Structures are given as structure tokens and as C-alpha cells.
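Each remark here refers to the structure printed beneath this line.
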Amino acid sequence: MDLIFEIGRIMFALLFIGGGIGHFQDRAAMVAYGKTRGAPVPELVVPLTGVVIIAGGLGVMLGVFPDLAALALAFFLLPTAFIMHAFWTISDPKEKMFERAQFMKNIALCGGALVLFWVFVTAGDRTPYTITGPLL
């Protein structure tokens with residue numbers, strides 16, 4: 010079962026590592042999108058959140074303070090859902106459907122990150138395949 014847990018962690022983390030890299034590779038597009046959604050200071054927030062989600066993904070995947078990494082991902086996902094994917098403010102049906110899906114995805118991933126946080130804290134040093142173990 011330890012291997013299943015590690016495979017799940019890797020699969021979960023890769024989404025954030027890839028997304029964080031995208032914050033830098035597609036920075037101009039990400040900043041422009043942030044401006045259309047009313048994100049605060051997207052020129053600063055896009056690279057900052059890129060660093061947070063890359064670090065969070067790597068922490069969860071490699072087991073480097075995985076509890077804090079999972080919590081950082083949750084703290085990224087929840088406000089992102091409400092700021093960037095506020096589907097209830099959109100009138101175009103196709104765009105609204107897309108943003109609703111993105112909102113629900115972020116909420117679900119936030120729930121997954123919180124579950125991982127709980128697992129890492131509860132299991133403590135018994136958490137398999139970690140480098141440092143949890144900090145909290």
C-alpha cells in the first residue's frame with residue numbers, strides 16, 4: 010500500500026509542478042488572463058504562485074516537509090478558485106461552463122491537498138517515502 014500512496018502523491022504533484030512551470034513559460038498569457046479576472050498585481054502574483062505550486066508539488070512528491078507542501082497547495086487553490094474562476098460572474102454560457110469546471114477542479118484539488126495534509130500530520134514519521142517527514 011505504501012507504493013500506491015507514493016504513486017498517488019506523484020500523480021497529484023505533477024499537476025502542480027507542470028502548472029508552476031507554465032506560470033513561467035507562458036507568463037505573459039498568464040498575466041493577461043489574471044488581469045481579465047481581476048487578480049491583484051498579476052505581474053507579481055503569477056511568478057510568485059508559480060514558485061509556490063512548484064515547491065508544493067515537489068514537497069508532496071519527494072516528501073520534503075510534505076505537510077507544509079500540501080497546506081501551501083491548499084492555500085493556493087482555494088483563493089484561486091474564487092478569484093480566477095468566478096463562474097457566477099460570467100454571462101457567456103461556454104465560458105461560464107469552462108470556469109465552473111475549473112472552479113470545481115480547484116475545490117476538489119484543495120480537498121485532496123487537505124486530506125494529504127491530514128495524512129502527513131497524522132502518520133508523522135511513519136509516512137512512507139519521505140525525505141524529511143512532516144514539520145508539524
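To get this note's numbering, take the position in the sequence shown, counting from 1, and add 9. Note that beta-carbon positions come from the ideal geometry of N, C-alpha and C, so glycine has one too. Nothing here was measured: the structure is a model prediction, and the numbers come from that model.
Query raised in the report: Going by Cα to Cα distance, which pick from 45, 135, 113 is closest to residue 14?
Result: 135
Query - Completely contained alpha helix (DSSP H) runs for the stretch 35–105, where each covers 4 or more residues - result: 36–45, 51–71, 75–93
Query - Meets three-Cβ-pair contact criterion under 8 Å: the stretch 58–74 and the stretch 25–34 - result: yes
Query raised in the report: By Cβ distance below 7 Å, which residues in the same chain neighbour residue 55 in space, the five residues on each side in sequence not counted?
Result: 32, 36, 39, 40, 43
Requested in this report: In angstroms with no decimal places, state the Cα-to-Cα distance between residue 12 and residue 141.
Outcome: 18 Å
Query raised in the report: Roughly how many angstroms lie between the CA atoms of residue 101 and residue 109, to the nearest whole one?
Result: 12 Å
Query raised in the report: Around the C-beta of residue 90, are 16 or more other C-beta atoms found within 10 angstroms, so that it is buried, or is it exposed?
Result: buried
Query - 8 Å Cβ cutoff met for residue 69 and residue 24 - result: no
Requested in this report: Go ahead and label residue 98 buried or exposed: buried means 16 or more other beta carbons lie within 10 angstroms of its beta carbon, across all protein chains shown.
Outcome: exposed
Report task. Counting only the same chain and skipping the five closest in sequence on each side, list residues whose C-beta sits under 7 Å from that of residue 111. Result -> 94
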